Structures are given as C-alpha cells and as structure tokens.
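K.L.:
Per our numbering, the sequence shown starts with residue -3, numbered consecutively. All C-beta atoms, glycine included, are put in the ideal place defined by N, C-alpha and C. Here the structure is a predicted model, which means the values were calculated and not measured. Sharing a structure with you now.
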Amino acid sequence: MTRDVYIEDLASHVGERVRIKGWLYNRRGSKRIQFLELRDGSGIVQGIVSKADAPAEVFELASSLEQESSLIAEGEVRAHPKREGVFELGVEALTLVAAPSREYPISNKEHGVEFLMDHRHLWLRSKRQHAIVRVRSEIVAAVRAYFDDHGFTLVDAPIFTPSACEGTSTLFETDYHGSPAYLTQSGQLYMEAAAAAFGRVYCFGPTFRAEKSKTRRHLAEFWMVEPEVAFMDLEGDMDLAQDFLQSVVRRVLERRQKELTTLERDVSKLEVLLEGAFPRIRYDEAIRILQEAGKDVEIGDDFGAEDETLIASHFDRPVMVTHYPVALKAFYFKKDPEDQARALCMDVLAPEGYGEIIGGGQREEDLATLDAAIEAHKLPMDDFEWYRDIRRYGGFPHAGFGLGIERMVAYICGIHHVREAIPFPRMLSRLSP
Ligand code: 4AD
Ligand code: MG
-3 MTRDVYIEDL ASHVGERVRI KGWLYNRRGS KRIQFLELRD GSGIVQGIVS KADAPAEVFE
57 LASSLEQESS LIAEGEVRAH PKREGVFELG VEALTLVAAP SREYPISNKE HGVEFLMDHR
117 HLWLRSKRQH AIVRVRSEIV AAVRAYFDDH GFTLVDAPIF TPSACEGTST LFETDYHGSP
177 AYLTQSGQLY MEAAAAAFGR VYCFGPTFRA EKSKTRRHLA EFWMVEPEVA FMDLEGDMDL
237 AQDFLQSVVR RVLERRQKEL TTLERDVSKL EVLLEGAFPR IRYDEAIRIL QEAGKDVEIG
297 DDFGAEDETL IASHFDRPVM VTHYPVALKA FYFKKDPEDQ ARALCMDVLA PEGYGEIIGG
357 GQREEDLATL DAAIEAHKLP MDDFEWYRDI RRYGGFPHAG FGLGIERMVA YICGIHHVRE
417 AIPFPRMLSR LSP
C-alpha cells in the first residue's frame, strides 16, 4: 500500500513507498537523470527520476515539468548517501495535477523587493519566506503557550474603538454607522478592565497605527500580545517580560532549528538570552551612553531608531530601559513616587539594531492623577468614563506590556525589515496583495 505522507515526516518512512502531493520548486537534470525539487508546504525533498529505472512516460513527464507545476509523486524514500538527516525520493510514478498556464514570475535570479512584495502571494512559496512564516507560527504558539501555562486568561480586545490609547496622531479613523470610530492601537485599556475581573489576562490580535513612518520597523497593521497583571509593579513587569522572552526564544531554538538554518541566523546571538538576566538601565543612563558616543542629546529627548540601536549595541541581549520623562510617554503610566517627572515605564530594546520590541509599565491607579494626565494629553474625558471606573471601583496597582510580534519575528529570524515578518504586510504605501 502506498501511503500519503508529508515531506517533514519522511525520516520515519525510509524504505517505504510513499505518495507526496505538492509543487515543483526547481528542476535540473540531463537526458539520463532528472532531479526534481518537490515542496509540499512541510518541506522540500529531492525526487530522483532516472531513465534507466523509471517507466519511459514518467521520465518524459519529469523532463518537461515547469516550475510550480502541481503534482503527485510516488516512490521509495531513501536516506541521502552522504548527508545525515536528508532524504530523497526515488520517483517511480508521477501525476501532473496542473501545469502553470504562464511562466512563474519568481525565478532564481535577483528580483527587486518591490517586485517581490507585489507578488507576495507567490513569494511566500520561496524557501526563505517559508522559513520566516514557520518561525512566526512557532513564536505565536510559544506566546500563547506561555500565558496559557502561567495562569493568564485570554480576553480578546475590540478592534473598533471610540478613543485613542497611544496618542491621537496615529489613529486610523473609520465610519461606524455614521459616527467616527478608530481601529485599535492597543488592547491595553481593555486589559486593565479585564485584570480587575480575572487578575492575569492577555490579548493577542492585530493593532493599527496610522503613523507616516517608512522605517524598517513600522507597519500600519501589526500583531501585538499584551499581558496585564493585577497587583504587579514595574519590577514584576520586567521580570515577567524577561521570563516570557526567554521562554519564546527557547522554544523557537528547540523546534525551528531547520528554519533558522535556512535563514542563516547566527543562533549564538539568541542563545545568550537564555544565559541569565537582561540588563536594566534607567533612561538617564541611556542618555549618558548616547552622549559618550558623541550624540547631541540631553535629558528630555526621545530616542530615534538610531539612538535605540546605539544603546542596545552596548549589550549582547535585550536591555530594559526604564523611567523615561513623563512627557515622552502615554497618559496612562504611573508617575514614579520618588520623582513625579518620571514614568514607571519600560522599553525593551533588542540588540543588533532590531530596536524596541516591548513597551509597557505600571499604570496610574489614582483617579485624580489619571484625570490630570487625560487633561494634559488633551484627550476627551467622556470617552474614558468607563476606563475611569476601573479606578472608582477598587483601584489597584497593575502593570503590563505589549510585544510587537513582527519585530520579534524580525529579531529571531535576523531579517532586516519587518515587512517580511508578516505574511501580507500593510504599510504606508502598500495595501496589496
Ligand atoms: O510601545 P507601544 O506603542 O505600547 C503600547 O501600545 C502599549 N499600550 C502596550 C501595553 O503596555 N499593553 O507598542 C508596543 C510594541 C512596540 O514595542 C513594538 O514592538 C510594537 O508594539 N509596535 C509596532 N510594530 C510594528 N509597527 C508599528 N508601527 C509598531 N508600533 C508599535
Ligand atoms: Mg513604545
């Protein structure tokens, strides 16, 4: 009996005759032997069709196959004679499901990134992109597993929202039955309400920013996971972020070795995260680092992408920067009781130029102080009535953070631009495919 198998499971079928359903990734060969690179979504295997062994019509079909033909191949699984852990298929039967009706636009030659982005729906079939999406899938699974295993309840946040969370300048406005609504920038405010109901909560979904940034770190639509914990302070928040990041990295290193190899990622740069605590510095120290590097900055300045890269380059693992001036941060942060001009916030900056991957901190729990901050940020008080209730009915210290999934994917995969870290990116100048 011939069994249907996936390429990633071939190791347990050596010596058996199996059937693989997929597409032709690449072909090379001669008049005597054809090498078919077959892919089925789970992996790639080399199919070998030799004129001497295969039926004549199988060899003829193999010799004429075009890239991205869909097909069914049957044959015996063999261990590669020289490369351990690599398998081959000795093709004995071949069925063409559909030949491409046009020449496949993506070939082995160099293509410009805009061309590839225009063909994103096809580009996803390529080895590197395939590896990135598999790593992303593992990261998402690791994120969910971490919170599910640590007593957190998943509480989904809405996407249509009446108000801003992260400042009014990056809101995507939309029409909601005749009234304006905004696509969510963050589920945090809802998680604060949920923390009072469930203690430890997280949301995980798409979030939107309308900023007109064209950097390699910005998307208009990105995925964010946001834990929020009742009775946790900034210290606890940093401990949680560190443990969480280590757990995600550990799982990806364990389970996605093959993909990281395809991506030529230097995994030693990730392994060091597992070795111990992440450095924690205050904003003022970060400013000093910049000044010592000759940057013209002073206390009160915000960090640009370059600054973040420079600060992070002083460390071999993510660095946690805390206590930014209140003016640089969102309205909801608790002020440091020892210095009211500073926010109890943290940004986690990844090394190697990946920048801020996490933003979070402790929230203001006192209603009067919160009201003053809402006013100072010129936010409409009415929209925050429900949010103020969280302080009215049993206010409590609480903290949380948000991790941007695409920045984490880019960091783990070692890819330059976040546009490759999401299957179908939405950017300032891209809404398709
Ligand atoms: O620092 P941000 O804006 O923080 C928040 O939204 C908080 N409300 C989260 C919380 O405390 N619950 O965003 C958090 C993270 C950033 O560190 C970054 O990783 C990612 O979200 N991020 C973006 N990723 C891609 N494109 C963008 N335009 C992003 N903006 C933020
Ligand atoms: Mg931030």
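1. If you draw a straight line from the C-alpha of Asp280 to the C-alpha of Ala160, how long is it?
2. Sort out for me which residues DSSP pairs Arg23 with in a bridge.
3. Going straight from the alpha carbon of Thr203 to that of Met(-3), what length do you get?
4. Out of Gly391, Gly396, Trp382, Arg116, point me to the one whose CA is closest to Glu361's CA.
5. So for Gly355, helix, strand or coil by DSSP?
6. Would you identify the three-state DSSP class for Gly37, choosing helix, strand or coil?
7. Measure the alpha-carbon distance for Val139 versus Phe240 and round it to whole angstroms.
8. Pop quiz: Leu169 and Glu224 are said to be a contact at Cβ under 8 Å. What is the actual Cβ separation, rounded to whole angstroms?
9. Look at Thr180 and Thr164 and say whether their C-beta atoms are less than 8 Å apart.
10. Rounded to the nearest angstrom, what separates Ile128 and Lys331 at their Cα positions?
11. Between the Cα of Pro176 and the Cα atoms of Leu167, Gly183, Gln184, Ser182, which residue gives the shortest distance?
12. Excluding the 5 residues preceding and the 5 following Val10 in the sequence, name in chain order all residues of the same chain whose CB lies nearer than 8 Å to its CB.
13. Just to confirm, is the Cβ distance from Leu85 to Val136 under 8 Å?
14. So who's on the other strand from Phe83, going by DSSP bridges?
15. Can Glu71 be considered in contact with the ligand MG, in the sense that its beta carbon sits closer than 7 Å to one or more heavy atoms?
16. Of all the options Glu217, Phe55, Pro101, which has the alpha carbon lying nearest to the alpha carbon of Arg422?
17. Which stretch, first to last residue, makes up the alpha helix (DSSP H) that contains His117?
18. Rounded to a whole number of angstroms, what is the C-alpha to C-alpha distance between Val131 and Ile155?
19. Helix or strand or just coil, what does DSSP make of Ile386?
20. Given Ala369, which residues of its chain have a CB within under 6 Å of its CB, disregarding the five upstream and five downstream residues?
21. Under 7 Å from any heavy atom of the ligand MG, does the C-beta of Glu106 make it?
22. With 16 other CB atoms within 10 Å as the buried threshold, where does Asp152 fall?
23. Ignoring anything shorter than 4 residues or poking outside the region 290 to 364, list the alpha helix (DSSP H) runs there in chain order.
24. Who are the Cβ neighbours of Ile354 in its own chain at under 6 Å, not counting the five residues just before and after it?
25. Is it the case that the Cβ atoms of Ser182 and Glu222 are separated by a distance below 8 Å?
26. Would you say His173 touches the ligand 4AD, meaning its beta carbon is less than 7 Å from a heavy atom?
27. Below 8 Å on the Cβ atoms is my contact criterion, and I expect Leu90 with Val54 to pass it. Report the Cβ-Cβ distance as a whole number of Å.
28. Determine the burial state of Val414: buried for a count of at least 16 other Cβ atoms within 10 Å of its Cβ, exposed for fewer.
29. Quick check: the Cα distance between Gly300 and Ala58, rounded to an integer number of angstroms?
30. In terms of alpha-carbon separation, which member of Gln63, Val87, Tyr198 lies closest to Ala395?
31. Going by beta carbon distance, what residues of the same chain come within less than 8 Å of His319, once the five residues before and after it are set aside?
32. With a threshold of 7 Å, establish whether the CB of Gly355 neighbours any heavy atom of the ligand MG.
33. Return the chain-ordered list of same chain residues with a C-beta closer than 6 Å to the C-beta of Arg(-1), the five sequence neighbours on each side being excluded.
34. Please say whether Glu260 and Glu304 have beta carbons closer to each other than 8 Å?
35. Determine the burial state of Gln287: buried for a count of at least 16 other Cβ atoms within 10 Å of its Cβ, exposed for fewer.
36. Can you give me the Cβ contacts of Tyr407 inside the same chain, cut-off strictly under 7 Å, excluding the 5 residues immediately before and after it?
P.N.:
Taking the definition as stated:
1. In the sequence shown, counting from the first residue as 1, residue 280 sits at position 284. In the sequence shown, counting from the first residue as 1, residue 160 sits at position 164. C-alpha separation (whole angstroms): 29 Å.
2. If you number the sequence shown from 1, residue 23 lands on position 27. In the DSSP assignment, Arg23 is bridged to Leu32.
3. Along the sequence shown, read from residue 1 onward, the residue named residue 203 stands at position 207. Along the sequence shown, read from residue 1 onward, the residue named residue -3 stands at position 1. Rounded to the nearest whole angstrom, the CA to CA distance from Thr203 to Met(-3) is 49 Å.
4. For this step, residue 361 is matched to residue 365 along the sequence shown. When only C-alpha atoms are compared, the closest one is Gly391.
5. If you number the sequence shown from 1, residue 355 lands on position 359. Strand, per DSSP.
6. Walking along the sequence shown from the start, residue 37 turns up at place 41. Coil.
7. Counting from 1 along the sequence shown, the entry for residue 139 is found at position 143. Counting from 1 along the sequence shown, the entry for residue 240 is found at position 244. Using only the alpha carbons, I get a separation of about 8 Å.
8. Taking the sequence shown and counting its residues from 1, one reaches residue 169 at position 173. Taking the sequence shown and counting its residues from 1, one reaches residue 224 at position 228. A small correction: the amino acid at residue 169 is Glu; Leu does not occupy that position in the sequence shown. Going by Cβ atoms, the distance from Glu169 to Glu224 rounds to 26 Å, so no, they are not a contact pair.
9. Residue 180 sits at position 184 when you count from the first residue of the sequence shown. Residue 164 sits at position 168 when you count from the first residue of the sequence shown. Pairing Thr180 with Thr164 gives a Cβ-Cβ distance that is not under 8 Å.
10. Locating residue 128 in the sequence shown gives position 132, where the first residue counts as 1. Locating residue 331 in the sequence shown gives position 335, where the first residue counts as 1. Rounded to whole angstroms, Ile128 to Lys331 spans 39 Å at the Cα level.
11. Taking the first residue of the sequence shown as position 1, residue 176 is located at position 180. Nearest of Leu167, Gly183, Gln184, Ser182 to Pro176, Cα basis: Leu167.
12. Residue mapping note: residue 10 aligns to position 14 of the sequence shown, counting from 1. Residues Val73, Arg74, Ala75, Phe83 of the same chain have their beta carbon placed closer than 8 Å to that of Val10, with the five preceding and five following residues left out of the count.
13. Residue numbering aside, residue 85 sits at position 89 when the sequence shown is read from its first letter. Residue numbering aside, residue 136 sits at position 140 when the sequence shown is read from its first letter. Cβ atoms of Leu85 and Val136: not closer than 8 Å.
14. Taking the sequence shown and counting its residues from 1, one reaches residue 83 at position 87. According to DSSP, Phe83 bridges with Ala75.
15. Along the sequence shown, one-based indexing puts residue 71 at 75. Going by the sequence as given, residue 71 is Gly instead of Glu. No, the ligand MG has no heavy atom inside 7 Å of this Cβ.
16. For the purposes of this step, residue 422 is identified with residue 426 of the sequence shown, where counting begins at 1. Considering only Glu217, Phe55, Pro101, the residue with the shortest C-alpha distance to Arg422 is Glu217.
17. Residue numbering aside, residue 117 sits at position 121 when the sequence shown is read from its first letter. Taken as a continuous stretch (DSSP letters only), the alpha helix (DSSP H) holding His117 covers 116 to 119.
18. Taking the sequence shown and counting its residues from 1, the one referred to as residue 131 is at position 135. Taking the sequence shown and counting its residues from 1, the one referred to as residue 155 is at position 159. When the Cα atoms are used, Val131 and Ile155 turn out to be separated by approximately 26 Å.
19. Taking the sequence shown and counting its residues from 1, one reaches residue 386 at position 390. DSSP places Ile386 in helix when its eight states are reduced to three.
20. What you label residue 369 is simply residue 373 of the sequence shown in a count that begins at 1. Same-chain partners within the cutoff: Phe327.
21. For the purposes of this step, residue 106 is identified with residue 110 of the sequence shown, where counting begins at 1. Glu106: no, Cβ never under 7 Å from the ligand MG.
22. On the sequence shown, residue 152 is found 156 positions in, with the first residue counted as 1. So Asp152 counts as exposed.
23. List check, alpha helix (DSSP H) in window: 301 to 308.
24. For this step, residue 354 is matched to residue 358 along the sequence shown. Same-chain partners within the cutoff: Ala237, Val344, Phe397, Leu399.
25. Counting from 1 along the sequence shown, the entry for residue 182 is found at position 186. Counting from 1 along the sequence shown, the entry for residue 222 is found at position 226. For the 8 Å CB-CB criterion, Ser182 and Glu222 form a contact.
26. For the purposes of this step, residue 173 is taken as the residue at position 177 of the sequence shown. Because no heavy atom of the ligand 4AD lies under 7 Å away, the Cβ of His173 does not count as near it: no.
27. Counted from its first residue, the sequence shown places residue 90 at position 94. Counted from its first residue, the sequence shown places residue 54 at position 58. Going by Cβ atoms, the distance from Leu90 to Val54 rounds to 5 Å, so yes, they are a contact pair.
28. Against the sequence shown, residue 414 aligns to sequence position 418. Residue burial annotation: Val414 is buried, with at least 16 other C-beta atoms found within 10 angstroms of its C-beta.
29. What you label residue 300 is simply residue 304 of the sequence shown in a count that begins at 1. What you label residue 58 is simply residue 62 of the sequence shown in a count that begins at 1. Distance from the CA of Gly300 to the CA of Ala58, rounded to the nearest whole angstrom, comes to 54 Å.
30. The residue you call residue 395 lines up with position 399 of the sequence shown. Minimum Cα-Cα distance from Ala395 among the listed residues Gln63, Val87, Tyr198 corresponds to Tyr198.
31. The count along the sequence shown starts at 1 and reaches residue 319 at position 323. Only residues of its own chain outside the window of five on either side were considered, and among them Arg278, Tyr279, Asp280, Asp332, Asp335, Arg338, Ala339, Leu340, Cys341 have a CB closer than 8 Å to the CB of His319, listed in chain order.
32. Position 359 of the sequence shown, counting from 1, holds the residue named residue 355. At least one heavy atom of the ligand MG is nearer than 7 Å to the Cβ of Gly355, so yes.
33. Taking the first residue of the sequence shown as position 1, residue -1 is located at position 3. Same-chain partners within the cutoff: Val14.
34. Translated into the one-based positions of the sequence shown, residue 304 becomes position 308. Translated into the one-based positions of the sequence shown, residue 260 becomes position 264. At a Cβ-Cβ threshold of 8 Å, Glu304 and Glu260 do not count as neighbours.
35. Along the sequence shown, read from residue 1 onward, the residue named residue 287 stands at position 291. When all chains shown are included, Gln287 counts as exposed.
36. The residue labelled residue 407 in the question sits at position 411 within the sequence shown. So the list reads Ala346, Tyr350, Ile353, once near-sequence residues are dropped.
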